[in-house]
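Enquirer: In my numbering, the protein residues as written are 1442 to 1854. My questions will all concern the structure given below.
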Amino acid sequence: MIMAETQEQQNVPRLRFPEFSGAWAELKLSDVLREKKKRNYDDVFGKHDVLSVSGTQGVVNQISLLGRSYAGEKVNNYHVVETGDIVYTKSPLKTNPYGIIKTNRGAPGIVSTLYAVYEVKGDHDPEFWDYYFCLDDRTNAYLRPLVHKGAKNDMKISNSRVLIDPVIAPTLPEQKKIADFLGAVDARIGQLERKKALLEAYKKGCMQKLFSRKLRFKRDDGTDFPDWEEKQLGEVAKLIGGLTYSPADIKEEGLLVLRSSNVQDGIIKLDDNVFVDLEIDQEKVTRAGDILLCVRNGSQRLIGKSALIPSGIPRATHGAFMSILRGDQNRLLFQFMQTSLFFREVHKNLGATINSINGSDLKRFKFLWPSHLDEQRKIADFLSAIDDKITLVAQELDHARSFKKGLLQQMFV
């Protein structure tokens, strides 16, 4: 009796709408889904209808996701995927080593025979099951006992075997209520994503016009500022190389070493930190207002990425693959370093055999620069104000995503 009560308690979600009660039912996934074997034999769908499965975007058109179709000339053997069907991809991802399970919420299309396609039975809601497998931990926990990995890390699992293990689910009305509520949360997330993208596009357009001088600020009295003058980067800021350290120097705490992983979208993130126990020159200690720049990396796309050091971070320095730019014009310089003008210079000066910028080459970067301090300040203030708005929306977006993750953890068994 005690065991039965405990099991029933385990099958009740921690967060629930008040009109529902009682334990959720334990089912096999085969009670929810049936394998769908319909093929595109009549060529109703073409290469432009091929779908891909993304861990973040779900089932989406392959051309929209990847920019082109990777299908062969003939797609009449592909599986047909209707709206509401569920697709299992047997390709391992970093966060989903056993594949991902997603519901097609968009237009019908076709997928390669490497995918498994299932239709949702009538007494279940497709969107609920999309949310059910939305959390990586839940998907991995379900698939891990079923999947066997081959010698080449390929997935050894039949389409029917995917359905044999148990899942815990409520009745259809509660499924729909949960799916509708989470859909409203998704709508809010989508709204914030679009707002952030619009602000970023607006800033990018403003930067292009400002640094190409197609858009100029006026003095406070309405008169023009003087012409810009050519500068080298070494005249605007001092370049400070990074710290070389060995694995033996790494400790649980000590001096924080900032690396490329700490630069994310122009902001310093302290999620992936390394500390060392070393004495360094005071000049190499990071200061608020410094610009942290990636000058060497195995990934070419990271070269030239930068972030402005905020106040309040722990005592820090920067690693050997990074440099610091320090100067009294850094607020404007940081904005310039986000433009295509700067990145063109970076890519012109990349090493022939290694992804790096030589420090002496970096200091010789030439560009036109506002000659009057008031114009520098006006540009920096204007672009920084847009950054503040983007940061605020990004924080709202992070909060909404965290809120959704919490719901996914608490509204399901």
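Yeah, the Cβ is synthetic: ideal placement off N, Cα and C, and Gly gets one too.
Taking all protein chains shown into account, do 16 or more other C-beta atoms lie within 10 angstroms of the C-beta of Ile1744, making it buried, or fewer, making it exposed?
Expert: It counts as buried.
Enquirer: Grab the span of the beta strand (DSSP E) containing Tyr1529 for me, first residue to last.
Expert: Unbroken beta strand (DSSP E) run through Tyr1529: 1527-1530.
Enquirer: Which residue's Cα is closest to the Cα of Leu1838: Asp1483, Leu1633, Asn1703?
Expert: Looking at the Cα atoms, Leu1633 is the closest of the given residues.
Enquirer: Cα-Cα, which of Gln1705, Phe1716, Ser1781, Ile1619 is closest to Ala1689?
Expert: Among Gln1705, Phe1716, Ser1781, Ile1619, the Cα nearest to that of Ala1689 is on Phe1716.
Enquirer: My output table needs one value for Ser1825: the three-state DSSP class, helix, strand or coil.
Expert: Note: Ser1825 maps to helix in three-state DSSP.
Enquirer: Give the straight-line distance between the Cα atoms of Phe1853 and Tyr1573, rounded to the nearest whole angstrom.
Expert: Near 7 Å, if we compare the C-alpha coordinates of Tyr1573 and Phe1853.
Enquirer: So, under 8 Å CB-CB, Ile1681 and Ile1709 are touching, yes? Tell me the CB distance rounded to an integer number of Å.
Expert: Not quite, the Cβ-Cβ distance comes to about 16 Å (not below 8 Å), so this is no contact.
Enquirer: Can you name, in chain order, every residue of its own chain whose Cβ lies under 7 Å from the Cβ of Asn1738, other than the five neighbours on each side?
Expert: Around Asn1738: Ser1701, Ile1744, Phe1762, Asn1796.
Enquirer: Which residues mark the beginning and the end of the alpha helix (DSSP H) in which Leu1633 is found?
Expert: Run containing Leu1633: 1613-1652, per the alpha helix (DSSP H) assignment.
Enquirer: What distance in whole Å lies between the Cβ atoms of Ile1541 and Phe1486, which are believed to be in contact at a cut-off of 8 Å?
Expert: That belief does not hold up - the Cβ atoms of Phe1486 and Ile1541 are roughly 22 Å apart, past 8 Å.
Enquirer: Taking the alpha carbon of Val1726 as the reference point, which residue from Asn1581, Asp1577, Leu1696 has its own alpha carbon closest?
Expert: Measuring from the Cα of Val1726, the nearest candidate turns out to be Leu1696.
Enquirer: Using the C-alpha atoms, what's the distance from Leu1534 back to Leu1555?
Expert: Leu1555 and Leu1534: Cα-Cα distance of roughly 15 Å.
Enquirer: Would you grab the beta carbon distance between Lys1543 and Val1558 for me? Rounded to a whole angstrom, and I think it's under 8 Å.
Expert: Wrong, their Cβ atoms sit about 11 Å apart, outside the cutoff.
Enquirer: Please specify which runs of the beta strand (DSSP E), each continuous and at least 3 residues long, are wholly inside the region 1554-1615, giving them in chain order.
Expert: For the region 1554-1615, whole beta strand (DSSP E) runs of length 3 or above, ordered along the chain, are 1556-1561, 1607-1610.
Enquirer: So Gly1859 and Lys1804 are supposed to be a Cβ contact under 8 Å. How far apart are they, rounded?
Expert: For residue 1859 there is no data in the structure shown, the boundaries of the chain being 1442 and 1854.
Enquirer: Could you pull the start and end residues of the beta strand (DSSP E) that Val1494 belongs to?
Expert: Here the beta strand (DSSP E) through Val1494 covers 1492-1495.
Enquirer: Give every residue of the same chain whose Cβ lies closer than 7 Å to the Cβ of Val1787, excluding the five residues on either side of it in the sequence, and list them in chain order.
Expert: For Val1787, where only same-chain residues beyond five positions count, the Cβ hits under 7 Å are Ile1744, Gly1745, Ile1798.
Enquirer: Between Cys1647 and Leu1824, which are expected to be in contact by the criterion C-beta below 8 Å, what is the C-beta distance as a whole number of angstroms?
Expert: Cys1647 to Leu1824, Cβ: 7 Å. Contact.
Enquirer: Is the beta carbon of Val1834 closer than 8 Å to that of Leu1604?
Expert: Contact flag unset, no.
Enquirer: Counting beta carbon pairs with one atom in the region 1651-1660 and one in the region 1810-1829, are three or more of them shorter than 8 Å?
Expert: Short answer: they touch.
Enquirer: Taking DSSP as the reference, what is the three-state secondary structure of Glu1837?
Expert: Residue state, collapsed to three classes: helix.
Enquirer: Helix, strand or coil: which one does DSSP assign to Lys1655?
Expert: Looking at Lys1655 - three-state DSSP - the assignment turns out to be coil, as it is neither helix nor strand.
Enquirer: Taking DSSP's pairing of strands, which residues face Ala1757 in a bridge?
Expert: Paired residue(s): Leu1697.
Enquirer: Between which residues of its own chain and Gly1707 is the CB-CB distance below 6 Å, once the five residues before and five after are set aside?
Expert: Here the set comprises Ala1748.
Enquirer: Could you tell me the distance, in whole angstroms, from the CA atom of Phe1569 to the CA atom of Gln1851?
Expert: Taking the straight line joining both Cα atoms gives about 14 Å.
Enquirer: For the beta strand (DSSP E) holding Arg1767, just list the boundary residues, first then last.
Expert: Element bounds for Arg1767: 1763-1767.
Enquirer: Pick helix, strand or coil for Asn1747, following the three-state DSSP scheme.
Expert: It should be pointed out that residue 1747 corresponds to Ser in this sequence rather than to Asn. In this structure, Ser1747 counts as strand in the three-state DSSP scheme.
Enquirer: On the CB-based measure, 16 or more other CB atoms within 10 Å of its CB, does Ser1924 come out buried or exposed?
Expert: With the chain covering only 1442 through 1854, there is no way to say anything about residue 1924.
Enquirer: On the premise that Val1588 lies in contact with Val1473, defined as a C-beta separation below 8 Å, what is that separation, rounded to the nearest angstrom?
Expert: The pair is not a contact, with the Cβ atoms about 19 Å apart (cut-off 8 Å).
Enquirer: For Ser1599, I'd like the list of residues in its chain whose CB is within less than 8 Å of its CB, leaving aside the five on either flank, ordered along the chain.
Expert: Closer than 8 Å at the Cβ level, and outside the excluded window around Ser1599, lies no residue.
Enquirer: In terms of DSSP beta bridges, what is Ile1681 paired with?
Expert: DSSP, once it has assigned bridges, lists Ile1765 as partnering Ile1681.
Enquirer: Between which residues of its own chain and Ser1493 is the CB-CB distance below 7 Å, once the five residues before and five after are set aside?
Expert: These residues qualify, in order along the chain: Val1501, Gln1503, Leu1506, Leu1507.
Enquirer: Can you look up Ile1504 in the DSSP assignment and give me helix, strand or coil?
Expert: Note: Ile1504 maps to helix in three-state DSSP.
Enquirer: Where does Arg1888 fall in DSSP's three states?
Expert: Residue 1888 cannot be examined here, being either before or after the span of the chain that is shown, 1442 to 1854.
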